[in-house]
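Listed in order, the protein sequences are those of chains Y and E.
Using my numbering, read the first sequence as starting at 106 and increasing by one per residue.
Using my numbering, read the second sequence as starting at 106 and increasing by one per residue.
Inspection log for the structure reproduced underneath, given as structure tokens.
2 protein chains.
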Amino acid sequence: MEGFTFYAPTYFAFGKETENKAGELVKRFGGSKVLIHYGGGSVIKSGLLDRVKASLTKENISFEELGGVMPNPRSGLVYKGIDICREKGIDFILAVGGGSTIDSAKAIAAGALYDGDFWDFYEGKTVDKALPIGTVLTIAAAGSEGSPDSVITKEEGMLKRGASGEAYRPKFSILNPELTKTLPPYQTAAGITDIMAHLYERYLTNTDEVEVTDRMIEALLITMIKEGPRVIEDPNNYQARANIMWAGMMAHNNSCGVGRTQDWSSHTIEHELSAVYDCAHGAGLAVTMPAVFTYTMNHDVNRFAQIACRVWDCKMDFYHPEKTAKEGIECLRNFLKSIGMPVTFEELGAKEEDIEKMAYTACYGDGNGSGYIKGFTKLDQKDVENIYRLMM
Amino acid sequence: MEGFTFYAPTYFAFGKETENKAGELVKRFGGSKVLIHYGGGSVIKSGLLDRVKASLTKENISFEELGGVMPNPRSGLVYKGIDICREKGIDFILAVGGGSTIDSAKAIAAGALYDGDFWDFYEGKTVDKALPIGTVLTIAAAGSEGSPDSVITKEEGMLKRGASGEAYRPKFSILNPELTKTLPPYQTAAGITDIMAHLYERYLTNTDEVEVTDRMIEALLITMIKEGPRVIEDPNNYQARANIMWAGMMAHNNSCGVGRTQDWSSHTIEHELSAVYDCAHGAGLAVTMPAVFTYTMNHDVNRFAQIACRVWDCKMDFYHPEKTAKEGIECLRNFLKSIGMPVTFEELGAKEEDIEKMAYTACYGDGNGSGYIKGFTKLDQKDVENIYRLMM
Chain Y
106 MEGFTFYAPT
116 YFAFGKETEN
126 KAGELVKRFG
136 GSKVLIHYGG
146 GSVIKSGLLD
156 RVKASLTKEN
166 ISFEELGGVM
176 PNPRSGLVYK
186 GIDICREKGI
196 DFILAVGGGS
206 TIDSAKAIAA
216 GALYDGDFWD
226 FYEGKTVDKA
236 LPIGTVLTIA
246 AAGSEGSPDS
256 VITKEEGMLK
266 RGASGEAYRP
276 KFSILNPELT
286 KTLPPYQTAA
296 GITDIMAHLY
306 ERYLTNTDEV
316 EVTDRMIEAL
326 LITMIKEGPR
336 VIEDPNNYQA
346 RANIMWAGMM
356 AHNNSCGVGR
366 TQDWSSHTIE
376 HELSAVYDCA
386 HGAGLAVTMP
396 AVFTYTMNHD
406 VNRFAQIACR
416 VWDCKMDFYH
426 PEKTAKEGIE
436 CLRNFLKSIG
446 MPVTFEELGA
456 KEEDIEKMAY
466 TACYGDGNGS
476 GYIKGFTKLD
486 QKDVENIYRL
496 MM
Chain E
106 MEGFTFYAPT
116 YFAFGKETEN
126 KAGELVKRFG
136 GSKVLIHYGG
146 GSVIKSGLLD
156 RVKASLTKEN
166 ISFEELGGVM
176 PNPRSGLVYK
186 GIDICREKGI
196 DFILAVGGGS
206 TIDSAKAIAA
216 GALYDGDFWD
226 FYEGKTVDKA
236 LPIGTVLTIA
246 AAGSEGSPDS
256 VITKEEGMLK
266 RGASGEAYRP
276 KFSILNPELT
286 KTLPPYQTAA
296 GITDIMAHLY
306 ERYLTNTDEV
316 EVTDRMIEAL
326 LITMIKEGPR
336 VIEDPNNYQA
346 RANIMWAGMM
356 AHNNSCGVGR
366 TQDWSSHTIE
376 HELSAVYDCA
386 HGAGLAVTMP
396 AVFTYTMNHD
406 VNRFAQIACR
416 VWDCKMDFYH
426 PEKTAKEGIE
436 CLRNFLKSIG
446 MPVTFEELGA
456 KEEDIEKMAY
466 TACYGDGNGS
476 GYIKGFTKLD
486 QKDVENIYRL
496 MM
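What follows is the structure, encoded as structure tokens:
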């Protein structure tokens, strides 16, 4: 276990009708002039946006609105949000939606207080200042409601990149599992996959002696394996949705990832897929993870055998640990398939002819990258091409 | 899973030499005139106090000192600390020590900003205002470094009571596992027991469908069962101490206890033992827990069978689940014995003749109590007497 710092000062209000606390919480955390940021029609149709607005009005908080966030949120809308913040003197950003909306809100929050181009943060600059952010979460998936992270796609070149910093942790997040009941099963399953990916990426470490975080990650994965299928079978299962929602936050606030190196190869390799084909990030991960794990398994067979036994209830083959390791990866693939996720390149609409370009961008970005994806292993462009081919 | 709020805004600096960040962190969280609070000679002898002072001085932070905190910290020193804060204009309290020192620091922090008697908070008044607190932790045990709780013993009548409130969460906590290496094995083991008790008290719930928190609690218990014996065998095992230290914080910051009823009967019943016999709280819990669990087991046999199977690797006896439940309790007792904890009344120095009085105080306090300990079950004075007798 390595040294670390951990700071997660987000206030969580969890449970039914908690969206009605939005006004009270914005006030508590110093907001008086709010930008409400959201996506498409669902938050309008469901009446959620109206309830949130009513809650703000009740506390005499004024607000502007900016809708239109798309999955894999784009830089164009971020610039628009930054302009509104400056013109209207916004002092708090309230994201009503899923990870895309929250990530877009974070980018606006940082950009509004920064003289340069907000994209600098997505090319490595640390986010140390941002307008305060609150969230009303509508899908358990990205964990952005409790994380210091944000991922944005730059339209020019369709570059999908992440930024991080303490200032990106929301001041508060409202988690009402009921709000996730109306999600289509495909989106619910993509969210489940994303949560599981956050856990796997942390599990694949080169740090020794990390029993406490290993066990916590396993606990959250086991929860997803139990609760995931229940919510796919019955979208109205409040309890299953509640368990998934808290697991999704815990999976990514990093309390189970401290003191250990992490991987994030699957995310990097997937980002090209969702940038190029605009697929759901979770669906892309369902295709990517088994391929990455199969390709990198031999780097530490016992780590994969451990997760196979502890999480997937495989029996350890002590003569052939690699068989156990592979069985665990197969269990993951079958599970993802069972909840309705794609598991091949084709199902995703991806094409062989794009592999070389995607592998290049994954390793080199727009030309300035190191040429490697470094995490659990060190992958170069050829490795990444091989991994994409494994998905076919 | 029930609705809840969760807010844990403590900054953690974890790892070797992190005590040297004390000054920087006090400054970050607004302190300029500090009261350093500590216990006995060990923090002086080890040089820790000097290193912390040097770190404050480096940041031009002035400080006063108040040592002398004893295990099961007393109200007398709290009053003294409150006086110092008022006289010297203290604006930040830095606890250097274990749970007792941190709990005492919390009481001083609340009392300094309160016109009435600080003991009001320990009779049920919510702590909504306190001076900011920082900690440099020297034993993994109480979890006070990340919790909103404090327990103090009132010398008049030797009443041991807890208080809680958001203002009691430390602004920062410094967790250096190396600082715990010099602890005597008995204290290390008492700390391990306390951590396990925090997990059991949360596990014993009457709330259905709490898979995510069940699994997290189990994960932390399994960690303690693996790492506990390693650190008893080799006190210098940094990695085992590091895993225990993070598990101890996670066990009590309540991220694994949200959305479910909790028990706390073992703590209430133990508090009488450590108040009357001045034993280590953890040692008292080692004697108390198996007795409480044996007495209350039939309230929900499956819950005890579940923890027996998942945490202690017992095999489920589907014909006789109560046998599995009992086996799990026996595993706990044997584990505590194996790390050097007492498991009987006698080993603790406790006496049968005190049972009636202790049971009365546990249920009625100084006369104003409800007559019951309510948690997993509802226990009256006769029940508590029976439980104490089970320890003999």
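Backbone N, C-alpha and C define an ideal beta-carbon position, used for all residues, glycine too.
Computed from a predicted model, the values in this text were never measured in an experiment.
- Taking 8 angstroms as the cut-off, the Cβ atoms of E/I374 and E/A467 count as close.
- Counting along the chain, no alpha helix (DSSP H) covers E/D225, and no H or E run does either.
- Any Cβ of chain E closer than 8 angstroms to the Cβ of Y/W351 would place that residue at the interface, and such an atom is present.
- Bounds of the beta strand (DSSP E) holding Y/A200 are F197 to G202.
- For E/I257, the three-state secondary structure derived from DSSP is strand.
- Under a criterion of Cβ atoms nearer than 8 angstroms, the residues of chain E adjacent to Y/T123 are, in order, G108.
- In the three-state DSSP reduction, Y/S151 falls in the coil class, being neither helix nor strand.
- The beta carbon of E/L288 sits closer than 7 angstroms to those of I244, all from its chain and outside the five residues before and after it, given in chain order.
- Here DSSP, grouped into helix, strand and coil, assigns Y/T110 to strand.
- Linking Y/K193 to Y/A215 through their CA atoms gives a straight-line distance of about 16 angstroms.
- Rounded to the nearest whole angstrom, the C-alpha separation of E/R179 and E/I330 is 32 angstroms.
- Each of E/P282, E/L218, E/E316 and E/A345 was checked against the Cα of Y/D313, and the nearest Cα belongs to E/A345.
- At a cut-off of 8 angstroms between beta carbons, E/Y465 makes no contact with chain Y.
- Look at E/A247 here: in three-state DSSP terms it is coil, with no helix or strand label.
- The bridge partners DSSP lists for E/R179 are E/T258.
- For E/A118, the enclosing beta strand (DSSP E) has its first and last residue at Y116 to F119.
- The criterion of a C-beta distance shorter than 8 angstroms is satisfied by E/K163 and E/G128.
- By a beta-carbon distance limit of 8 angstroms, Y/L284 contacts Y/L153. Their separation comes to about 6 angstroms.
- Partner residues in the beta bridge of E/E170, as assigned by DSSP, are E/I141.
- Every unbroken stretch of the alpha helix (DSSP H) spanning 4 or more residues and falling wholly within the segment 447–483 of chain E is given here in chain order: 460–469.
- Under DSSP, Y/F277 forms a beta bridge with Y/Y116 and Y/G239.
- Taking a beta-carbon distance threshold of 8 angstroms, Y/R320 counts as an interface residue toward chain E.
- For E/R133, the closest of E/N473, E/M497, E/F197 and E/A302 by C-alpha to C-alpha distance is E/F197.
- The DSSP-derived three-state label of E/K420 is coil.
- In the DSSP assignment, Y/L264 falls within the unbroken beta strand (DSSP E) covering L264 to S269.
- Legend: CB atoms of the segment 359–381 of chain E lying less than 8 angstroms from CB atoms of chain Y belong to residues S360, V363 and G364.
- The straight-line gap separating the alpha-carbon atoms of Y/A159 and Y/A118 is approximately 18 angstroms.
- Proximity of chain Y to E/T328 at the Cβ level (cut-off 7 angstroms) is accounted for by E316, V317 and R320, in chain order.
- DSSP, read as helix, strand or coil, puts Y/H372 in helix.
- Taking a Cβ-Cβ threshold of 8 angstroms, the residues of chain E close to Y/A113 are A113 and P114, in chain order.
- Distance from the CA of Y/A324 to the CA of Y/V363, rounded to the nearest whole angstrom, comes to 16 angstroms.
- When 8 angstroms is used as the limit between beta carbons, E/F119 is near these residues of chain Y: G108, F109, T110, F111, V363 and G364, in chain order.
- Using a Cβ-Cβ cut-off of 8 angstroms, Y/Q344 counts as an interface residue toward chain E, since at least one Cβ of chain E sits closer than that to its own.
- Take E/T240, set aside five residues on each side of it, and the residues of its chain with a beta-carbon closer than 6 angstroms to its own are A200, I207, E250, P275 and S278, in chain order.
- Taking a cut-off of 8 angstroms for Cβ pairs, the segment 368–387 of chain Y and the segment 296–316 of chain Y touch, as three or more such pairs fall below it.
- Here DSSP, grouped into helix, strand and coil, assigns E/Q486 to helix.
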